[in-house]
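Working notes for the structure below.
Protein chains: 4
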Amino acid sequence: MSPRLKMGVIGTGRIGNLHTGNLVRRISSADVIALSDPDRAALEQTASRFEIAQYVADHTELLANDEIEAVAICSASPTHPQIIKDAAAAGKHIFCEKPIGFELAEIDEALAAVDEAGVKFQVGFNRRFDVNFRRARDRVAAGDVGTPHILRITSRDPEAPPPDYLAGWGGVFKETTIHDFDMARFILESEVIKIYVAGDVLAYPEFAESNDLDTVVITLHFANGAIGIIDNGFQAVYGYDQRLEVYGSKGMVRVENERQDMHEYASAKMVSRAKAPYFFLDRYSDSYQAEMQAFVDCVLNDEPSPVTGLDGRAPIVLAIAAQRSYEDERPVEISAIE
Amino acid sequence: MSPRLKMGVIGTGRIGNLHTGNLVRRISSADVIALSDPDRAALEQTASRFEIAQYVADHTELLANDEIEAVAICSASPTHPQIIKDAAAAGKHIFCEKPIGFELAEIDEALAAVDEAGVKFQVGFNRRFDVNFRRARDRVAAGDVGTPHILRITSRDPEAPPPDYLAGWGGVFKETTIHDFDMARFILESEVIKIYVAGDVLAYPEFAESNDLDTVVITLHFANGAIGIIDNGFQAVYGYDQRLEVYGSKGMVRVENERQDMHEYASAKMVSRAKAPYFFLDRYSDSYQAEMQAFVDCVLNDEPSPVTGLDGRAPIVLAIAAQRSYEDERPVEISAIE
Amino acid sequence: MSPRLKMGVIGTGRIGNLHTGNLVRRISSADVIALSDPDRAALEQTASRFEIAQYVADHTELLANDEIEAVAICSASPTHPQIIKDAAAAGKHIFCEKPIGFELAEIDEALAAVDEAGVKFQVGFNRRFDVNFRRARDRVAAGDVGTPHILRITSRDPEAPPPDYLAGWGGVFKETTIHDFDMARFILESEVIKIYVAGDVLAYPEFAESNDLDTVVITLHFANGAIGIIDNGFQAVYGYDQRLEVYGSKGMVRVENERQDMHEYASAKMVSRAKAPYFFLDRYSDSYQAEMQAFVDCVLNDEPSPVTGLDGRAPIVLAIAAQRSYEDERPVEISAIE
Amino acid sequence: MSPRLKMGVIGTGRIGNLHTGNLVRRISSADVIALSDPDRAALEQTASRFEIAQYVADHTELLANDEIEAVAICSASPTHPQIIKDAAAAGKHIFCEKPIGFELAEIDEALAAVDEAGVKFQVGFNRRFDVNFRRARDRVAAGDVGTPHILRITSRDPEAPPPDYLAGWGGVFKETTIHDFDMARFILESEVIKIYVAGDVLAYPEFAESNDLDTVVITLHFANGAIGIIDNGFQAVYGYDQRLEVYGSKGMVRVENERQDMHEYASAKMVSRAKAPYFFLDRYSDSYQAEMQAFVDCVLNDEPSPVTGLDGRAPIVLAIAAQRSYEDERPVEISAIE
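Residue numbers (numbering that gives the first Met the number 0), protein chains in the order written: chain A, 0 to 337; chain B, 0 to 337; chain C, 0 to 337; chain D, 0 to 337.
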């Protein structure tokens with residue numbers, strides 16, 4: 000029988016609970032032996048729910064536990080860079096929720112610490128592990144669509160993030176589009192060289208107050224000549240809208256939304272079927288498990304990380320360029336960022 | 000330029016108008032030069048609509064026109080056998096709407112007259128010319144489904160025939176299921192050897208008065224071992240339901256309903272799309288044109304009829320067996336009919 | 000925190016492992032504290048996999064454990080009646096995999112024992128807990144399809160059961176169609192009064208040796224007037240085919256197959272999408288969890304069983320009638336069985 | 000009986016034949032009494048095919064026929080402005096294929112002539128009459144999607160225009176995207192105020208020689224705040240790709256591609272269905288008939304034109320802005336054009 004990876008989970012909010020649950024119940028080659036979170040109530044609830052004996056407020060205390068071989072960083076986004084550095088210094092392998100950080104300087108510091116420590120590092124771009132998108136990527140990689148000409152990604156949330164979540168929110172590009180920037184690079188295996196953004200506040204006036212956008216359409220110029228379009232919104236009342244399409248010289252592959260169920264009702268008026276899953280916890284449940292299994296496997300088998308530090312950095316560069324494009328009302332060369 | 004077939008149309012009701020319109024407007028290799036119908040008003044309306052100079056009450060007068068090379072028999076079903084004999088005696092090639100007749104004896108007499116006259120004869124099983132079902136048959140014929148195990152045909156009307164139509168109505172099996180019996184033989188290219196019927200009056204109590212059924216489920220045992228299921232109803236409020244499926248050792252082919260349009264609307268409740276076409280004039284419009292083109296081609300090129308007299312007779316045998324199965328509440332061997 | 004039900008699992012084959020896994024990992028209100036199976040290797044493997052301390056060869060030994068409040072009977076079908084009686088005598092609540100038994104006499108004895116003991120009893124018709132079929136049933140129950148006229152159930156396995164499984168196999172009607180008989184009753188909430196079977200051996204000649212059928216089409220006459228059709232096969236190479244449809248006076252509801260993923264590929268030839276899940280462990284994974292959760296809830300909350308002993312008995316009556324219909328080549332009244 | 004509009008058709012190429020056929024065979028309230036085309040062979044072939052007695056080389060000769068009440072201008076695009084002026088001067092009502100012209104000055108001259116003559120004028124934006132897009136527009140107009148946020152139009156040809164057609168070709172924006180610019184205005188009922196183009200030559204190197212593009216992605220900023228995306232390509236080997244989507248505050252409506260037929264084949268590998276129609280003559284057949292019927296109706300009933308001169312001019316303005324955006328690599332304000 001294979002050895003079991005001993006892990007600590009840092010941050011016991013929504014996503015921390017999700018990862019802890021997967022590690023405890025669905026991934027047989029790992030154990031969670033400690034949790035940390037400054038929010039005492041959340042921490043105790045998670046510890047109790049998953050019967051985890053060690054739980055501490057401070058992540059440095061968790062990192063001091065020599066038994067722990069790897070950590071999952073699930074804390075608030077702004078804390079990521081420091082915790083990465085601390086974990087690397089403690090010699091722990093690191094799974095880090097996206098984003099690595101909001102600023103390039105702190106990201107680069109964190110990644111340098113990881114390099115120096117020589118620990119494994121995987122960023123939480125779970126959608127790469129979604130079976131649907133993976134099949135699309137396989138099609139592209141296998142040449143089934145020929146030379147890619149146009150990539151389209153639609154990613155619309157059913158509602159805006161809750162007010163408390165918006166408090167530490169890094170803006171639409173770094174928080175939401177970041178997943179789509181990553182998906183674009185993942186699907187086409189080519190880098191973005193120029194970006195243009197059209198954006199507005201159409202759904203939630205409060206977004207304007209924080210100088211944020213709730214509706215964006217982004218044009219991507221890729222190094223390989225392909226052109227990409229990402230569109231985001233936060234008012235997809237018809238369900239979490241997660242689609243993708245690649246058109247090329249030999250065909251087209253696309254991923255349609257999943258459905259809550261497969262029933263169909265034909266009345267005298269219309270034929271109706273079930274909506275898409277409501278939000279990401281439903282839609283991406285399996286991909287969260289798969290990414291964590293991949294992390295555990297990569298550590299146990301000493302294999303390369305499937306989502307590297309550079310994969311985590313690149314979308315932040317694109318997010319910065321996107322913001323600049325929006326503000327300057329013009330296309331922005333990616334090479335101009337840094 | 001190819002010669003144009005000179006045709007007469009006998010019967011100017013709904014289906015007579017349909018065929019006349021196709022011959023006049025959509026089939027460039029034929030001309031309609033005469034019409035007949037005892038209903039003076041209908042006759043004149045059709046003649047005027049399609050600008051046809053000769054129109055007479057009596058079909059024998061039409062048949063006496065030596066210019067006419069072929070006729071389309073679109074009169075009331077009970078008149079078919081006699082008109083077939085008259086047309087054959089006049090040496091006209093014959094396209095005859097289904098059914099050839101309601102009784103085997105009269106069908107056999109009519110077909111004997113056709114044989115004797117040596118004229119072309121095609122029965123109006125238009126669904127054989129529907130592009131959807133034809134693709135399914137091609138799949139089966141090409142071996143894509145392997146050895147056929149189960150055939151399913153669903154054929155449900157959106158409403159019962161109008162009262163005046165029911166007056167000369169031959170019952171569900173000879174009027175409605177007849178199309179499905181033909182489709183079953185067409186798709187599997189095998190004969191039915193035994194039949195079992197479950198039927199009831201569930202939608203229209205008036206069907207019971209005429210000893211008819213408005214809901215039937217028919218099991219077919221085929222000579223090649225396959226098992227078939229036909230179901231019919233007259234209350235498909237969601238649109239004309241015309242589906243088919245063949246399951247076999249190598250796969251499954253099915254034909255789904257067409258849609259009135261391809262729009263799709265996703266609301267906070269459901270995802271909706273358009274209904275199926277409402278009824279046969281919409282759904283089978285193209286197949287009516289294609290079958291008539293095939294008839295014209297078969298006469299002009301002296302080719303075998305694509306839907307023979309025996310193809311017209313076989314479904315009536317099955318309809319008789321179906322009626323007997325329902326009345327006796329038992330499966331009936333087809334060989335016992337005749 | 001709610002109390003946790005202490006359970007024993009009897010039988011550690013494929014389905015026993017499935018239920019144990021759900022109880023251990025996915026149902027937080029139950030614990031598995033003991034296992035039994037005469038097959039030592041299977042028993043130890045399951046005990047080790049789920050870290051269960053008590054595991055014994057003989058189910059009576061397991062039943063003697065006073066801590067155990069309820070059992071899941073997952074042993075070979077022929078052993079069910081005796082184990083039910085033993086468990087009832089020991090005062091354990093019982094979840095029993097289908098079928099309760101193969102013969103009415105032994106079923107009735109077992110159910111009498113359950114009644115006498117006053118324990119909860121739930122039969123493992125997991126498909127009732129499938130979200131798709133449940134939505135269809137909800138539609139029917141809510142009157143969305145109006146008066147049901149025709150019910151169609153297609154249930155085709157991708158392959159025949161393995162040889163060792165066929166050893167204790169009760170025949171297609173009691174082993175496979177039993178699920179569809181139950182679904183028919185569940186969806187329409189009406190009893191079958193007459194049955195007609197067309198069946199053959201078309202895929203696996205070895206079925207003929209054991210006097211079994213690999214292709215069946217079954218007509219059901221319901222007490223409420225509706226007519227049903229079930230078709231089964233064991234060579235759906237295109238994936239586990241699990242569909243259902245109810246047509247009625249106000250509309251139609253149907254359940255289409257799930258898909259392995261939602262990608263779609265359009266080439267110069269066709270548009271392709273993913274197949275259905277390969278088999279029942281994938282397709283019905285969630286429903287197995289849901290049925291067990293329902294059992295645990297019904298015991299903990301002292302609620303009525305959602306799938307009663309009579310629900311388990313009725314499909315066996317239909318299976319007996321189906322076999323008789325096939326052998327006698329005629330429809331069989333259900334009232335004639337018993 | 001209603002009066003029949005006497006029409007002349009100017010230009011007997013592919014689209015001229017199409018309109019003539021519709022007027023002769025499918026529109027009962029119009030007659031084609033004359034044709035003109037400088038290409039003698041094409042002219043005679045069309046005249047013979049549709050049995051039209053008068054056919055002349057020069058359109059001015061056709062316009063001199065006092066019997067003619069209206070004309071359909073189907074000649075080469077560069078000739079449109081002059082022929083419009085000639086037809087207006089002759090007092091004929093005008094149906095004009097898109098584009099009205101390639102330059103704003105000549106368009107404005109032509110439209111001024113139409114205004115002065117007081118004749119009806121309809122531009123051939125047939126897609127407005129497509130039942131699918133019309134249903135989408137109806138949904139938007141009825142408020143079913145709420146406030147529109149994002150509009151997406153995908154319009155990809157299966158192949159590049161033939162070399163001889165490319166000879167008089169006005170470039171991708173004025174020839175191809177023009178339909179999508181019109182559709183965008185039609186669906187949202189709002190004007191575009193800014194445009195950004197990403198484009199490249201990815202499929203046909205010969206496009207580069209004529210300084211044209213074969214792959215474009217266009218961002219549209221609308222006056223009502225909505226953001227639009229149009230993408231075009233000329234290598235959709237999987238069939239003519241004509242889709243559209245509007246996402247708004249209350250839902251989403253989209254139009255999916257039609258299919259060549261409704262059969263579906265499930266093999267051991269995939270589930271396959273038929274491709275989209277190959278090209279526009281198949282896909283838009285009904286809409287060409289509908290737009291011409293609308294023109295005939297508008298003249299006969301003296302109603303406003305459903306697609307005005309301004310509707311024909313606006314997309315040319317957008318095309319000019321698009322070209323400028325591509326060349327300058329920046330977004331362009333529409334108000335800067337003129």
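Yeah, the Cβ is synthetic: ideal placement off N, Cα and C, and Gly gets one too.
Below-8 angstroms beta-carbon distance, D/Ser154 vs any chain C residue: For this step, residue 154 of chain D is matched to residue 155 along the fourth sequence. For D/Ser154, the answer is no, since every Cβ of chain C falls outside 8 angstroms of its Cβ.
Rounded to a whole number of angstroms, what is the C-alpha to C-alpha distance between A/Pro204 and A/Gly198? Residue 204 of chain A sits at position 205 when you count from the first residue of the first sequence. Residue 198 of chain A sits at position 199 when you count from the first residue of the first sequence. Near 13 angstroms, if we compare the C-alpha coordinates of A/Gly198 and A/Pro204.
C/Asp211, buried or exposed, once every other Cβ within 10 Å from all chains shown has been counted against 16: On the third sequence, position 212 is the one that residue 211 of chain C refers to. Under this definition C/Asp211 is a buried residue.
Within-8 angstroms CB hit, D/Lys119 to chain C: Working through the fourth sequence from its first residue, we reach residue 119 of chain D at position 120. With 8 angstroms as the cut-off, D/Lys119 does not count as an interface residue toward chain C.
Would you report the Cα separation of B/Met269 and D/Leu150, rounded to the nearest angstrom? Position 270 of the second sequence, counted from the start, is the residue given in the question as residue 269 of chain B. Position 151 of the fourth sequence, counted from the start, is the residue given in the question as residue 150 of chain D. Distance between the alpha carbons of B/Met269 and D/Leu150: 21 angstroms.
Under a Cβ-count criterion, where at least 16 other Cβ atoms within 10 Å of its own Cβ denotes burial, should A/Ala235 be classed as buried or exposed? The residue labelled residue 235 of chain A in the question sits at position 236 within the first sequence. A/Ala235 should be labelled buried.
Which one or two residues does DSSP pair with A/Lys5 in a beta bridge? Numbered from 1 along the first sequence, position 6 holds the residue referred to as residue 5 of chain A. A/Asp30.
Neighbour list for D/Arg272 in chain C, Cβ cutoff strictly below 9 angstroms: To locate residue 272 of chain D, count along the fourth sequence from 1; it is residue 273. In chain order: Met269, Val270, Ser271, Arg272.
Between the C-alpha atoms of B/Glu257 and B/Ser266, what's the straight-line distance to the nearest angstrom? For the purposes of this step, residue 257 of chain B is taken as the residue at position 258 of the second sequence. For the purposes of this step, residue 266 of chain B is taken as the residue at position 267 of the second sequence. Rounded to whole angstroms, B/Glu257 to B/Ser266 spans 23 angstroms at the Cα level.
Do B/Asp230 and B/Val215 count as a contact pair if the criterion is CB distance below 8 angstroms? Locating residue 215 of chain B in the second sequence gives position 216, where the first residue counts as 1. Locating residue 230 of chain B in the second sequence gives position 231, where the first residue counts as 1. Cβ atoms of B/Val215 and B/Asp230: closer than 8 angstroms.
Helix, strand or coil for D/Ala320 per DSSP? Locating residue 320 of chain D in the fourth sequence gives position 321, where the first residue counts as 1. D/Ala320 falls in the helix class under three-state DSSP.
Report yes if the CB atom of B/Arg282 is closer than 8 angstroms to the CB atom of B/Tyr239, and no otherwise. In the second sequence, counting from the first residue as 1, residue 282 of chain B sits at position 283. In the second sequence, counting from the first residue as 1, residue 239 of chain B sits at position 240. Taking 8 angstroms as the Cβ cut-off, B/Arg282 and B/Tyr239 qualify as a contacting pair.
Per DSSP, what are the beta-bridge partners of D/His262 in this structure? Counting from 1 along the fourth sequence, the entry for residue 262 of chain D is found at position 263. Bridge partners of D/His262: B/Val254.
Go ahead and pull the three-state DSSP assignment for A/Met0. For the purposes of this step, residue 0 of chain A is identified with residue 1 of the first sequence, where counting begins at 1. Residue placement at A/Met0 cannot be trusted, given a pLDDT of 38 that sits under 50; the coordinates are not used to answer.
Counting pairs of beta carbons, one from the region 290–310 of chain B and one from the region 133–153 of chain B, are three or more of them closer than 8 angstroms? no
Is the region 171–190 of chain B in contact with the region 178–185 of chain C, if contact means three or more CB pairs nearer than 8 angstroms? no
Is D/His262 close to chain B? Criterion is C-beta to C-beta, closer than 8 angstroms. Here residue 262 of chain D refers to the residue found at position 263 when the fourth sequence is read from its first residue. Yes, D/His262 counts as interfacial toward chain B.
Express the C-alpha separation of D/Gly100 and D/Thr78 in angstroms, rounding to a whole number. In the fourth sequence, residue 78 of chain D corresponds to position 79, counting from 1. In the fourth sequence, residue 100 of chain D corresponds to position 101, counting from 1. Roughly 8 angstroms between the two C-alpha positions.
With DSSP run on the structure shown, which of helix, strand or coil describes A/Pro98? As a first step, residue 98 of chain A is located in the first sequence; it is residue number 99 there, counting from the start. Coil.
DSSP state of D/Val298 mapped onto helix, strand, coil: As a first step, residue 298 of chain D must be located in the fourth sequence, where it is residue number 299. Looking at D/Val298 - three-state DSSP - the assignment turns out to be helix.
Should B/Arg39 go down as buried or exposed, given a rule of 16 or more other Cβ atoms within 10 Å for buried? Locating residue 39 of chain B in the second sequence gives position 40, where the first residue counts as 1. The residue in question, B/Arg39, is exposed, as its Cβ has fewer than 16 Cβ neighbours within 10 Å.
Please tell me whether B/Lys91 and B/Ile67 are closer than 8 angstroms, where the distance is taken between their beta carbons. As a first step, residue 91 of chain B is located in the second sequence; it is residue number 92 there, counting from the start. As a first step, residue 67 of chain B is located in the second sequence; it is residue number 68 there, counting from the start. It is a contact, given that the beta carbons lie within the stated cut-off.
Which term fits C/Leu17, buried or exposed, when burial requires 16 or more other beta carbons within 10 angstroms of its beta carbon? Position 18 of the third sequence holds residue 17 of chain C. So C/Leu17 ends up on the buried side.
Would DSSP call A/Tyr287 helix, strand or coil? Reading the first sequence from its first residue, position 288 is the one you call residue 287 of chain A. The answer is helix: DSSP assigns A/Tyr287 an H, G or I state.
If you draw a straight line from the C-alpha of B/Gly167 to the C-alpha of B/Gly117, how long is it? Along the second sequence, one-based indexing puts residue 167 of chain B at 168. Along the second sequence, one-based indexing puts residue 117 of chain B at 118. Computed Cα separation, rounded: 31 angstroms.
Rounded straight-line distance, which links the Cα of C/Val298 to that of C/Leu42: On the third sequence, position 43 is the one that residue 42 of chain C refers to. On the third sequence, position 299 is the one that residue 298 of chain C refers to. Roughly 26 angstroms separates the two Cα atoms.
Which residues of chain A have a Cβ atom closer than 8 angstroms to the Cβ of B/Tyr237, listed in chain order? For the purposes of this step, residue 237 of chain B is identified with residue 238 of the second sequence, where counting begins at 1. Here the neighbours are Ala265, Ser266, Ala267, Val270.
Cβ closer than 9 angstroms: which chain A residues qualify as neighbours of D/Met339? The structure shown does not extend to residue 339 of chain D, since chain D is modelled only from 0 through 337, so no value can be given for it.
Chain C contact residues for A/Asn256, given Cβ-Cβ distances below 9 angstroms: Working through the first sequence from its first residue, we reach residue 256 of chain A at position 257. Met261, listed in chain order.
For the beta strand (DSSP E) holding B/Ser47, just list the boundary residues, first then last. Your numbering for residue 47 of chain B matches position 48 in the second sequence. B/Ser47 -> not in any beta strand (DSSP E); alpha helix (DSSP H) instead, spanning 39–49.
Does the CB of B/Ile398 have a neighbour CB from chain C at under 8 angstroms? Outside the displayed span of chain B (0 to 337) sits residue 398 of chain B, for which this structure offers no information.
Starting from the beta carbon of B/Asn125, find every residue of chain D whose beta carbon is closer than 9 angstroms, and list them in chain order. On the second sequence, position 126 is the one that residue 125 of chain B refers to. Those within 9 angstroms of B/Asn125 in chain D number zero; the least Cβ separation is about 16 angstroms.
Between which two residues does the beta strand (DSSP E) containing A/Gln241 stretch? Position 242 of the first sequence holds residue 241 of chain A. That run of the beta strand (DSSP E) goes 240–247.
For B/Asp143, count neighbouring C-beta atoms within 10 Å of its own C-beta (all shown protein chains included) and say buried if the count is 16 or more, exposed if not. Sequence index remark: in the second sequence, residue 143 of chain B carries index 144 (1-based). B/Asp143 comes out buried.
Starting from A/Ile228, trace the beta strand (DSSP E) both ways and give me its first and last residue. Stepping through the first sequence from its first residue, residue 228 of chain A is reached at position 229. It spans 226–232 - the beta strand (DSSP E) in which A/Ile228 sits, taken as one unbroken run.
D/Leu243 versus B/Gly224, B/Tyr264, B/Arg312, residue with shortest Cα-Cα distance: Within the fourth sequence, the letter at position 244 stands for residue 243 of chain D. Of the candidates B/Gly224, B/Tyr264, B/Arg312, the one whose C-alpha sits nearest the C-alpha of D/Leu243 is B/Tyr264.
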